[in-house]
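The sequence shown begins at 351 in the working numbering and counts up by one.
Glycine included, each C-beta is placed from N, C-alpha and C at the ideal position.
First up is the structure itself, then whatever we jot down about it.
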Amino acid sequence: MPGTHQSEVRRSGTPEVWGKVPPRNKNFTGREGLLEKLRAGMTAGTSGQVTVVLPQVLPHALHGLGGVGKTQMAVEYAYRYGNEYDLVWWISADQRVLIRSSLAALAPHLDLPSAAAVGVEDAANAALDALRRGRPYDRWLLIFDNADEPEEIRDVIPDGPGHVLITSRNHRWEDVVEAVPVDVFSREESIAFLTKRVRRALAPEDADRLAEQLGDLPLALEQAGALQAETGMPVDEYIELLNEHTGQLLNEGKPTEYPISMTAAWNLSVSRLSERRPEAIDLLRCCAFFGPEPIPRDVFSQRVSGLSPRMTELLANPIKLSRSVGELGRFALARIDPGSRTIQVHRLIQALVRDELEPEERDEHLADVHRLLTGLQLGNPEESVNWGKYSGILGHVVPSRVQESRDVKVRDFALDLARYLYMSGDGFAHQFVNLFIDQWERDSGPDDPHVLKAYRELGNILRQLGRYNEVYELNQRTLAKMRQVGTPEDELLNLVSGIGADLRARGDFSAALEHDEDSVRRHEAAFGPDDPRTLRAKNNLALDYSLTGSFQQARELHEVAFIGLQDAQAGAATVLVHWNSLARAVRLTGDYAEASDLGEEALAYGLEYLGGEHPAYLWTAKDLSIAWRRLGELDRALEMCADVHGRYVRRYGLDHPDTLAAAMSLANVQRNNGQEQEGLELAADTVARYPRVYGTNHPYVLACTGNLALLHRTCQDPEKARAVNEETLNDIEQHLGRDHHYYLTVATNLASDLAELGHHEAAVERGHDTYRRLRDLVGPSHPVALACAANLSADLKHLGTPDAVEEAERLREDTREKYAQRLGLEHPDAVAFLEERHLDLDFDPPPI
């Protein structure tokens, strides 16, 4: 059975998965006809039927009013019919980010990776896909509470074998789904509810009069019943006071947005609670400026400086605080859930509380909420172990208007949230950071330090989305502004570190190398050589070394960065990225067995600490499959690479750079495993997609085009391969020169094309030039140089001249000795060489 979230309610005899459903209202009354109609609609024989519960728009009241009991009816439906489902899951739908988070929280219960492992967006998408397929559960119920516009959640309503129930105040749902209107109580239901809610005996005629005064509105009846139960107030007195408050409210013209009955009942409850425990009203007013989602009880267990005097006094006295929380529950002004340790105030009550405050009081309470949120110790947002804490308070950020605060700590808190959303892969990250940028620019101008930091986070998010051109332009503008306003060097370097990646993404490897060399010098001067920030800068520089052919130098620097970060006890994600970078560098130096050992160890570490869907894990798995392929373990390589490619497609779609890199690696291993036609089709599709990310002449695009040419030859079209390789070689020479390893890889394959076509003299000429350059670049014993030498020896032999044959024999003997020393004569490359078959070189795109 899937695991259980702490926020879930577990009962015997309920579905295997029962999550986030609010506690059942023990005073639930009536609605029998509506529940039966709802159940009949759910089971009408059409799978995936969507039923919406929304209020009747009354001609004497404003449309879209709350308080008629939509949510309570949905809760009752879940409890009453829960045994008909294998899975029941409650989703707060008033903020889109909460919908995705709730769906992501469902993923582990469907035997899928958690949001901590793959990010919120991918976990949510995987959960939706599992629901659509009915695996592992086909009898499921999703409840979207308080949805607004149909367009906002249509894409997260799964069409599958289960049921979806939505509550909404928006009558537009009638046009898109089967709607069941929910009106106020009938008089009989009101009387029954009050009789059940008030513990002492209540005469039917008194309940009838009370219901008449309250317009049969369920939330107002709940308020009245709670006050009656707590105070024992006679009905006549209650009605008299209610009329007084109603008249007062009408005279003030206040109830323009809410039912007068609800407003009056609430006003009366607040008045009596103020007499009984005034500090509880202070707590209620504070809660009114959070979101309508459950508020973690720990929010009010802090010692936070700068709070208003009344909140400071209340939070300093835990006994008084607990009594206040209890009183809010007893007066039905808040829902207290001891199991999840949360406090939740109905959105209508929140609105009524806010509206009765003066602007200065609202500002004071908003400031308190902001300080309480920022006082929470949520931890490093880059570490997945802390993501659950961030997720738990995310629903309160936008409703509490955090973006409007100019407090430095609050803005730092917002930037941490943006970092969390980026690191967890949440699709809301882009929208979230733009919300803060827009507000902060209006309030503080475009050169404000927090605005510039937010732009830096936006750059990271756009890079994660593969929007490289936008990132480069954005970061250049941000860097120029930071320099203009005199941003301190330590802050400036946080942005500088990423610009090397922007240059690599543009294909300017030399500029990236120059930039990152300067970046390392500046990091060492600012932080010292062993600071994690400096080590990350060194890791970036090592990537540049690899891209410019300095493989041994890259390996040595990656090792320094990896060991240093281990010693500094960096987070698991950072350690894994650097560990895999080292394994990749070892592979590029030609030590395939060592690279495989490193990669296997790194992959096990990533699986244990990050999970099998984390981006760093996927990078490691892809690179390990390449190392296995180079080592000759083709079955393992194919299985791993196909799995990784599938995960990338699900996570990012077909056009993301990481997906494309995985696709090209898969095409390469398919060619090695006798699946040449499948590899050709995949490589052709990938090469067609790559320019959308990098442009037409990026080195990755050109090198991958060389892979495509190779597959043309292995699919018996050497003429097409030669033509593509010659054009590609010219383009690479213009961008990188003739001594770059991308050029030499394609040149080696072009010599094989020529040999296949019978042009042995041209093949030998091309082979001589390429082999000389490869020896100078990587050394004569590197497997790439050996492959070129093996091919050249075969082509020389085919020439048949005495000099060529003599040279072929010398080169063949030298190559045989080097294969025996470097890879062993049992390696597939050595076997192909001994059988005088041509060896092919391919390219696997590294990360930016």
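For S452, the enclosing alpha helix (DSSP H) starts and ends at 446-456. Across the structure, D947 and L893 are spaced so that their CA atoms are roughly 20 angstroms apart. In this structure L1175 is exposed. Its beta-carbon is surrounded by fewer than 16 other beta-carbon atoms within 10 angstroms. By DSSP's assignment, Q694 forms a beta bridge with R685. DSSP places N496 within a strand segment (E or B) once states are collapsed to three.
A distance below 7 angstroms separates the beta carbons of H720 and S755. For P531, the uninterrupted beta strand (DSSP E) run begins and ends at 528-532, by DSSP. Distance from the Cα of V703 is smallest, within the candidate group C637, P373, Q573, G575, for C637. Out of L829, L633, L815, Y772, the CA that lies nearest to the CA of P796 is found in L829.
By the C-beta density criterion, E1185 is exposed, having fewer than 16 other C-beta atoms within 10 angstroms. Residue pairing of H1006 in beta bridges, as defined by DSSP: absent, with no partner found.
The C-beta of D917 has fewer than 16 other C-beta atoms within 10 Å across all chains shown, which makes the residue exposed. Assignment of beta-bridge partners to G369 by DSSP yields W439. A distance of 7 angstroms or more separates the beta carbons of L569 and A424. With a 10 Å radius around the Cβ and a threshold of 16 neighbouring Cβ atoms, K376 comes out exposed. Taking the Cβ atoms as the reference, V1134 lies roughly 6 angstroms from L1124, within the contact range of under 8 angstroms. The Cβ atoms of V783 and E807 lie closer than 7 angstroms to each other. Going by C-alpha positions, D472 is about 11 angstroms away from G1003.
In the three-state reduction of the DSSP assignment, I589 falls in the helix class.
When DSSP states are grouped into helix, strand and coil, P568 belongs to the helix group.
For T662, the enclosing alpha helix (DSSP H) starts and ends at 659-665. Partner residues in the beta bridge of L491, as assigned by DSSP, are V438, H513. Counting along the chain, D1145 sits inside the alpha helix (DSSP H) bounded by residues 1133-1149. Around the beta carbon of G899, 16 or more other beta carbons lie within 10 angstroms, which makes this residue buried. For R1039, the enclosing alpha helix (DSSP H) has its first and last residue at 1026-1044. Residue nearest to N930 within the set G921, G949, L915 is G949 (criterion: CA-CA distance).
By the CB criterion at 7 angstroms, D866 and G850 fall inside the cutoff. Nearest Cα to L974 within the set G575, R537, A935: A935. From the listed residues G816, G676, F640, the smallest Cα separation to R712 is found for F640. The C-alpha of S518 lies about 5 angstroms from the C-alpha of N496. DSSP places I507 in the coil class of the three-state scheme, outside both helix and strand. Here the segment 1089-1108 lies against the segment 1044-1056, with 3 or more beta-carbon pairs under 8 angstroms apart. Between V821 and D852 the beta-carbon gap is near 6 angstroms, inside 8 angstroms, which marks them as a contact.
Collapsing the DSSP output to three states places I645 in a strand. In terms of Cβ geometry, V530 and K370 do not form a close pair [threshold 7 angstroms].
Each of H1177, L722, L560 was checked against the Cα of D586, and the nearest Cα belongs to L560.
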